[in-house]
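Worksheet for the structure shown next.
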Amino acid sequence: MRTIGKPNIHKIVNCVTLFIALFMMTVSTASASDRFPRPEFQTGYEIPQSDVGTARDVIFYYIDVAVLFAALCAAAYLVLKKRSRKGVIGLMLFSIGYFGFLKQGCVCSLGAVQNIAAGLAGNFTISITVFLIFALPLIFALFFGRVFCSGVCPLGAVQDIVAIKPKRVPSRISAVLGFIPHIYLGAAILFAATGGGFLICKFDPFVGIFRLSAPFGVMIWGAGLLILGIFIARPYCRYLCPYGVILGWASTITKYRIKICPDKCVSCRLCENTCPVDAILPSTTEPVKEQRGLAVKRFKFYCMMLPVWVIVLAICGWFLAEPISSFHPDMKLLRIIELEVSGAVRTKSFEAEALRVDENVIAVLRNNADKTNRKFKLGMLILGAYLGLVIGAYLIRQSTYKKRKTYDANPVTCVNCALCYGYCPKN
Amino acid sequence: MSDLMDVKKTDTDRREFLKTACRILALAVGAVGFSRLVDIEGGEQVWQIDPKKCIQCGRCATECVLNPSAVKCVRAFDVCGYCKLCGGYHRINASRLDTAAENQICPTGAIVRTYIEDPFYEYKIIEELCNGCGKCVKGCTAFGNGSLYLQIRHHLCAGCNECRIAVRCPANAISLVSMKNAHFSLTESY
Chain G
1 MRTIGKPNIH KIVNCVTLFI ALFMMTVSTA SASDRFPRPE FQTGYEIPQS
51 DVGTARDVIF YYIDVAVLFA ALCAAAYLVL KKRSRKGVIG LMLFSIGYFG
101 FLKQGCVCSL GAVQNIAAGL AGNFTISITV FLIFALPLIF ALFFGRVFCS
151 GVCPLGAVQD IVAIKPKRVP SRISAVLGFI PHIYLGAAIL FAATGGGFLI
201 CKFDPFVGIF RLSAPFGVMI WGAGLLILGI FIARPYCRYL CPYGVILGWA
251 STITKYRIKI CPDKCVSCRL CENTCPVDAI LPSTTEPVKE QRGLAVKRFK
301 FYCMMLPVWV IVLAICGWFL AEPISSFHPD MKLLRIIELE VSGAVRTKSF
351 EAEALRVDEN VIAVLRNNAD KTNRKFKLGM LILGAYLGLV IGAYLIRQST
401 YKKRKTYDAN PVTCVNCALC YGYCPKN
Chain X
1001 MSDLMDVKKT DTDRREFLKT ACRILALAVG AVGFSRLVDI EGGEQVWQID
1051 PKKCIQCGRC ATECVLNPSA VKCVRAFDVC GYCKLCGGYH RINASRLDTA
1101 AENQICPTGA IVRTYIEDPF YEYKIIEELC NGCGKCVKGC TAFGNGSLYL
1151 QIRHHLCAGC NECRIAVRCP ANAISLVSMK NAHFSLTESY
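Going down the list, the protein sequences come from chains G and X.
When we follow this note's numbering, the leftmost residue of the first sequence carries the number 1, and every step to the right adds one.
When we follow this note's numbering, the leftmost residue of the second sequence carries the number 1001, and every step to the right adds one.
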């Protein structure tokens, strides 16, 4: 310490106490609070109350859930009963305002999937509100289809509003891209359940818009998706959204669904051309005559292929477990520490400083990494088998013929945007 | 023809019945999940820093989705020694122990020092100016009583599902704590 000006007695006292403090630090770092006794003031100064801060009132959490419920009710009413695209657009703007900008994208059913997964794995406690945020859209999907997607989900709303010139995506490409959400959902559950972070939140493309801040990469990712969304309507909803997969399961057994034509369908195909997400199932013409035996044979073949898909992809998953688990924080931490211990990296990281690395710590880290690796092997095995099931089931479905007299919205892929109503000549 | 109609009707009836059964099953699974998963007692969850684990790396100031960060330096007055040479206020090589900006450790000048009586000074934090860098906390913990600590302020925190600082925290000091068990001051036991 340099001294400029007159040395005064308090300064010397302070210097001495500083050295004592430094000495004590080497002895014990834990009990810092007894270094200097609390002074006894002569002037009657009273020690102020420590500022302990306050948490948000619990009631606000319930208000969020209530708003979500109300919005879902409004969406179901506007889409199925009122059949009003304008109403849906109004609801979208409300959702972007409330769930987006006001709540900064964090009353989010998409993200709640991970909380549930982590809760099932036992490393997370789940409050009533989080459970409801996860479950309410699904319960609505059981009865009214994917009304959550139509005007409640702010991510969907943002994309719906920018979809100015939607073009049709070739059905083969669309089908292949349609498997991505299954992979994304599986990966998100796997990482959440093993305590490796929340992928859906991390790569949420539009939350940066609501918060007006995001890491650079995520900003580019979001902007790219929005620009793509001008020509391919709702790219995130169709080819990425992991929650959409679960909503799809729920809405396969929906009670009420969109009825595009209130009257007798004239098969004009106008709705099919309008649908931004290619969710219209056209009415079937007479099937191309083919030998009955051939069709049955094909069906049998795809049924037999199902277990093959499951086994092959499960094995692929098993072998991919190791490279994928290297993204897990446990593995990253071990890598950083091992590099530093081996001397390859000179600078000491904050992680090493916090851990106070010694042999024991490294052993614990290795043990953790091994455990995570084993969990990933099991998880990737299940994920692979699941993907095999999805692909196999898709192919079986493709090989069957189902008769349809009218143009109908496929409840699994339809996002209830209500655009088709306006184009139906009978409406 | 009428036979055909009947067949069609039973066909759709059967399908409807299966769907209804599936719906009831799904709702039952949901109800079981609710009773097994949800911790009703614990209440809502909030992000919290454990000051004992915190190493004041400075990432709280830069990693939070909010700018400035929702992490602020908090004072525990009852732990403070009211030192004249304050490790949380003065730079290590401060030329004078006065209030001149060049001698202060705080990059935003968020700590206000007031004279009480010889040789004691009171230090207060202007929360609006604090960016949560933790430089003062480091100084006070190293040279003083450790009466300063970083904490997530809940009137500011956006309550992200995945706290970005928690992900980047090198000491694993940030975790979700149920509101009932959350501590907001240093002197409460962690």
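For each residue, glycine too, the CB sits at the ideal point set by N, CA and C.
Residue i versus residue j - alpha carbon distance
i       : j       : result
S95/G   : Y236/G  : 17 Å
M219/G  : Q1056/X : 28 Å
Y1082/X : R1113/X : 10 Å
D57/G   : A1158/X : 14 Å
S174/G  : V310/G  : 22 Å
Q42/G   : Y1149/X : 28 Å
L1018/X : A250/G  : 14 Å
G1146/X : A1070/X : 21 Å
A76/G   : G1109/X : 53 Å
T406/G  : N1067/X : 54 Å
M380/G  : S84/G   : 44 Å
F60/G   : T129/G  : 10 Å
K426/G  : C417/G  : 19 Å
I391/G  : P307/G  : 11 Å
C153/G  : S1035/X : 27 Å
G44/G   : P1119/X : 15 Å
K300/G  : L240/G  : 31 Å
L185/G  : A321/G  : 16 Å
A352/G  : L281/G  : 58 Å
T29/G   : Y1089/X : Any answer about T29/G is weak, because its pLDDT of 43 lies below 50 and its placement is not dependable; what the coordinates show is given next. Looking at the two C-alpha atoms, the distance is approximately 20 Å.
Interface flag, residue i vs chain X, CB-CB below 9 Å
i      : result
S28/G  : With a pLDDT of 42 at S28/G, under the threshold of 50, the predicted position of this residue should be treated as unreliable, and no value is reported.
V169/G : no
P323/G : no
A369/G : no
E351/G : yes
T129/G : yes
Q104/G : yes
P39/G  : yes
G111/G : yes
Y236/G : no
Y45/G  : yes
S50/G  : yes
V58/G  : yes
Collapsed DSSP secondary structure at residue i in the structure displayed
i       : result
I1049/X : strand
L1085/X : coil
H328/G  : coil
L1176/X : strand
I126/G  : strand
D160/G  : helix
Q398/G  : helix
D370/G  : helix
A1182/X : coil
D64/G   : helix
A409/G  : strand
Q1104/X : strand
Residues near residue i by beta carbon distance below 6 Å, same chain, minus five either side
i       : result
K1124/X : V1112
Q1151/X : I1049 and V1074
A279/G  : A409, N410, T413 and C414
P166/G  : A233 and P276
G384/G  : L313, A314, C316 and G317
L247/G  : A141 and R146
Contact set for residue i: own chain, Cβ-Cβ below 7 Å, skip 5 residues either direction
i       : result
C424/G  : I260, C261, L270 and C271
A117/G  : I189, A192 and A193
C1060/X : S1069, V1071, G1132, G1134, L1150 and I1165
A1101/X : G1109
N368/G  : D330
H1154/X : V1046
Neighbour flag for residue i against chain G, beta carbons, 9 Å
i       : result
G1042/X : yes
E1122/X : yes
K1053/X : yes
Nonlocal neighbours in the same chain, by C-beta distance under 8 Å from residue i, ignoring five residues either side
i       : result
I1174/X : W1047, Q1048, I1049, D1050, I1152, C1163, I1165 and A1166
M305/G  : G392 and L395
C303/G  : I396
K1053/X : A1171, N1172 and A1173
Complete runs of the alpha helix (DSSP H) confined to the region 234-292 of chain G [at least 4 residues]: Counting whole runs of 4 or more residues, the region 234-292 of chain G contains the alpha helix (DSSP H) stretches 235-239, 242-252 and 270-274.
Ordered list of alpha helix (DSSP H) runs contained in the region 1004-1079 of chain X, each at least 4 residues: Runs found: 1059-1063.
Minimum length 3: unbroken beta strand (DSSP E) runs contained in the region 1110-1169 of chain X: Listed in chain order, the complete beta strand (DSSP E) runs (minimum 3 residues) inside the region 1110-1169 of chain X are 1111-1117, 1120-1125 and 1148-1152.
Alpha helix (DSSP H) runs wholly inside the region 134-208 of chain G, at least 4 long, in chain order: Entirely contained in the region 134-208 of chain G, the alpha helix (DSSP H) runs reaching 4 residues are, in chain order, 154-162, 171-177, 180-193 and 199-202.
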